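Each step along the sequence shown adds one to the number in UniProt numbering, with nothing skipped, and position 486 is 486.
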Amino acid sequence: MTDIIQLLPDHVANQIAAGEVVQRPASVVKELVENAIDAGSGNIQVVIKDAGKTLIQVVDDGKGMSLTDARMCFERHATSKIKTAEDLFSLQTKGFRGEALASIAAIAHVELKTKPEDEEVGTQIKVEGSKVANQDVCVCPKGTSVSVKNLFYNIPARRNFLKSDSVETRHIIDEFQRVALAHPQIAFSLFHNGSELFQLPETNHRQRITNIFGGKTNEKLVPVTEETEIVEISGFVGKPEFAKKSRGEQFFFVNNRFIKSPYLNHAVVAAFEGLLKDKSYPSYFLFLKVDPKSIDINIHPTKTEIKFDDEHALYAILRSAIKHSLGQFNVAPVLDFDRDANLDTPYDYKNRSAEVPQVEVDRNFNPFQEENARTHKSFSHSYSSNFKKERGESWESLYAGLQSEDTPKPDSDFREIEFESEEVTGNLFQPSEDSQEKSTFQLHKKYIVSTLKSGILVIDQHRAHTRILYEEMLKNITVSAAVSQQLLFPLNLQFNTHEIEILKQLQDSLEQTGFVFSEVKSNSVEIVGIPTLISESEVEILLEQLIADFENDVPDNGFSQTDLLAKSLAKGMAVKSGTLLNNTEQQHIVNRLFACKEPGLSPSNRSVFVTLTVDELDKKFM
């Protein structure tokens, strides 16, 4: 029997490893920025072009690398972070596998420029598909600059699986935000196609959150602080009234490393029990500091999953800390109706000792002194004598001379005078006799029941109205623009950079549906016109729901994007179950529904109505 097992070549092994480490351009940004942080950088700059498909460049001012280190860093399992297996349980750095640069170099053109502080010249190395194409000395500042060009150039199948530029850019922004939030002591900047997306100075955690998610975020944050033997918790949670329809602003950091943990997320949601609206998710930015020996990070190459020694204790501590913060800052409601909030002891005063109040007394004051009494008496006498109450004129004198010849006499009969009726008894549109007959009625404020020749028709009012608005939205976006109602005062709404990017992409389509944007800034939009079918108070809720629907994936082609936009707007604007409708509104929905192209199905392919024939009713009584 011949031998069939063979050792894979290095370039093949590197491409296999790259499939785990580099899933998309955002993965490259994450790995390079984390390397820059491990190098002790104080300022990190990220430059991308065409959502990272053409260029990803990360420039730092860290300690740099020597010539030998610059060559070694592109080898598999070459790292300066660990030396023994025991080091895995005392990690203080972001990376430790030694696979990132080798994987990136296997699927892209990489150019590395680096110089330590004590060297006069730096090193420049160009790598193409794991092969060193050029090595030379260069003049460069202290630190390291890594440029990754033509990602997946030698794996066209992987390149074809990439999403549109807007989707890939959003993933890059997500990774950038996660790293920037964990390290507020480092200055970060992000540029895309020559335009600046983020410029984050060195600051504290609260200000870093505000710089990333907008100035209005500061007033939404409630600080959380707890210190135990198991874990030290710090950070912020959002107030319940600012809960969002999506999970975009939920961040866990363990030892300054971003992680995803459904178990800990459940602890946070449990702390908000009874405070959130239906299908709303709280915002949180929580930083956990634990003993590195009590966790295991080496589970997945992306290092976003983690295992804890005692998850149950961590769950209980986290839940209690958040509930304590919500109660401490009067965010959670209380049942003590007689409590005066002004008498509450501030949290900062709990460890202070009581102080004796200082009271000053004027010992020379004598209220019974005779001289003061006489002076007071004479003053009050003179005060009262200077003012006299004059008798006013009678009320009849106010109307003297106003009576004319046409004015009826006081003793005339008022029954002869005709007054304009204050109540409008007529109707501008007199209903016809046919429309006065009630042909529909509402069942449980959810269904509209109408009669047919062969039986009865039961319509789901929310699905029916969604189908009506969906077809109307598609027509407005693709054929003719909808009518817009102008606002008396512009509506200014706050969004983070991530959400603004989605709104910019949908701006043209939204304007076709009736929205009018006067200004779109980096963290806010100003709206001066809205569709006629919605009220001003519903605009923010509608746009948040729209962003949540587009959060996971923006369709690549225009038709799918238009379809998803129409579905989202129709779902948000449609009449909800539980809304009372009068007979005219019920009849309007019925008539408009059967004028649609697909009246039987909602945009989400669910049944809109059911019919019950007379024969089926007869069978019920047999």
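Even for Gly, the Cβ is constructed at its ideal location relative to N, Cα and C. No experiment lies behind these values; they were computed from the predicted model shown.
Check: Three or more C-beta pairs closer than 8 Å, one from the stretch 566 to 574 and one from the stretch 447 to 466: is that the case here?
Finding: Verdict: yes, contact present.
Next item on the list: Quick one: measure Cβ to Cβ for V29 and S103, integer angstroms, because I've assumed they're closer than 8 Å.
Entry: Contact doesn't hold; Cβ gap of about 14 Å is too wide.
Margin query: Here's the rule I'm using: 16 or more other beta-carbon atoms within 10 Å means buried, otherwise exposed. How should R606 be labelled?
Written below: Per the 10 Å Cβ criterion, exposed.
Checklist line | CB-CB length for G529 against Q485, believed under 8 Å | finding: Correct: roughly 7 Å between the Cβ atoms.
Notebook entry, point to check: If we call anything under 7 Å between Cβ atoms a contact, is I295 one with I306?
Noted result: In this structure, I295 sits near I306, with a CB-CB distance shorter than 7 Å.
Margin query: According to DSSP, F495 sits in a beta bridge with which residue or residues?
Written below: Answer is none; F495 lacks a bridge partner.
Next item on the list: Could you tell me how far apart the beta carbons of F287 and R178 are, in whole angstroms, since I believe they sit closer than 8 Å?
Entry: For F287 against R178, the beta-carbon gap comes to about 12 Å, at or over 8 Å, which does not count as contact.
Margin query: DSSP three-state label for N591, please.
Written below: Helix at N591.
Item checked: With 16 other Cβ atoms within 10 Å as the buried cut-off, status of R170 -> Buried, by the Cβ-count rule.
Note to self: What does DSSP give as the partner residue(s) for Y447 in the beta ladder?
What the structure shows: Answer is L443, D460, bridged to Y447.
Checklist line | Terminal residues of the alpha helix (DSSP H) in which E128 lies | finding: Counting along the chain, E128 falls outside any alpha helix (DSSP H), though it belongs to the beta strand (DSSP E) covering 122 to 128.
Note to self: Pairs of beta-carbons, one from the stretch 59 to 68 and one from the stretch 144 to 151, closer than 8 Å: are there three or more?
What the structure shows: A contact exists between the stretch 59 to 68 and the stretch 144 to 151.
Check: Going by Cα to Cα distance, which pick from L8, R159, F198 is closest to K149?
Finding: Considering only alpha carbons, the answer is R159.
Notebook entry, point to check: Of all the alpha helix (DSSP H) runs that stay within the bounds of the stretch 196 to 229, which reach a length of 4 or more residues?
Noted result: The stretch 196 to 229 contains these whole alpha helix (DSSP H) runs: 205 to 213.
Check: On the three-state DSSP scale, how would you describe F242?
Finding: Looking at F242 - three-state DSSP - the assignment turns out to be helix.
Checklist line | 8 Å contact criterion, which I459 and V608 should meet: CB distance rounded | finding: About 6 Å separates the two Cβ atoms, so the contact holds.
Next item on the list: Report the three-state DSSP secondary structure of F550 (helix, strand or coil).
Entry: Correct three-state label for F550: helix.
Next item on the list: Could you say which of F329, V520, L443 lies nearest to N496 if we only look at CA atoms?
Entry: Measuring from the Cα of N496, the nearest candidate turns out to be V520.
Check: Should I37 go down as buried or exposed, given a rule of 16 or more other Cβ atoms within 10 Å for buried?
Finding: So I37 ends up on the buried side.
Check: Hey, would you say E311 sits closer than 7 Å to Y263, going by beta carbons?
Finding: In this structure, Y263 lies closer than 7 Å to E311 by Cβ.
Margin query: Can you tell me whether S384 is buried or exposed? The criterion is at least 16 other CB atoms within 10 Å of its CB, across all chains shown.
Written below: With a pLDDT of only 46 at S384, under 50, the local geometry of the prediction cannot be trusted, and no value is derived from it.
Check: Can you tell which of E226, Q328, N364, A70 has the C-alpha that lies nearest to the C-alpha of L314?
Finding: The alpha carbon of L314 has as its nearest neighbour, out of E226, Q328, N364, A70, the alpha carbon of E226.
Note to self: Does residue 669 come out as helix, strand or coil in the three-state DSSP assignment?
What the structure shows: A query on residue 669 cannot be resolved here, the shown segment of the chain reaching from 1 to 622 and no further.
Check: When you compare each of R247, K113, F152, E128 to F550 by their alpha carbons, which one comes out closest?
Finding: Considering only alpha carbons, the answer is R247.
Margin query: Tell me the DSSP secondary structure of D615 in three-state form.
Written below: DSSP, reduced to helix, strand and coil, places D615 within a helical segment of the structure shown.
Notebook entry, point to check: Taking just the CA atoms, how far does I125 sit from N134?
Noted result: Looking at the two C-alpha atoms, the distance is approximately 6 Å.
Next item on the list: Pair every Cβ in the stretch 110 to 119 with every Cβ in the stretch 62 to 75, then say whether three or more of these pairs are closer than 8 Å.
Entry: Counting Cβ pairs under 8 Å, three or more are found: they touch.
Checklist line | Contact check, Q185 vs E196, beta carbons under 7 Å | finding: No.
Next item on the list: Return the residue from the list E229, K245, V139 that minimises the CA-CA distance to G122.
Entry: Cα-wise, what sits closest to G122 is V139.
Notebook entry, point to check: Where D118 and S164 are concerned, what is the direct C-alpha to C-alpha distance, given to the nearest angstrom?
Noted result: Distance between the alpha carbons of D118 and S164: 44 Å.
Margin query: Could you tell me the alpha carbon to alpha carbon distance between T228 and V222, rounded to whole angstroms?
Written below: Using only the alpha carbons, I get a separation of about 20 Å.
Notebook entry, point to check: Where does G42 land, buried or exposed, given buried means 16+ other C-beta within 10 angstroms?
Noted result: Looking at its Cβ environment, which holds fewer than 16 other Cβ atoms inside 10 Å, G42 is exposed.
Margin query: According to DSSP, simplified to helix, strand and coil, what is L580?
Written below: L580: coil per DSSP, three-state reduction.
Check: Whose C-beta lies closer than 7 Å to the C-beta of A39 among residues of the same chain, with five residues either side of it excluded?
Finding: A distance below 7 Å between beta-carbons, with the five flanking residues on each side excluded, links A39 to the following residues of its chain, in chain order: D60, G62, K63, T144.
Next item on the list: Give the DSSP bridge partners of V231, in chain order.
Entry: Beta-bridge pairing links V231 to no other residue.
Check: How long is the line joining the alpha carbons of F258 and T304, rounded to whole angstroms?
Finding: Approximately 6 Å, taken between the alpha carbons.
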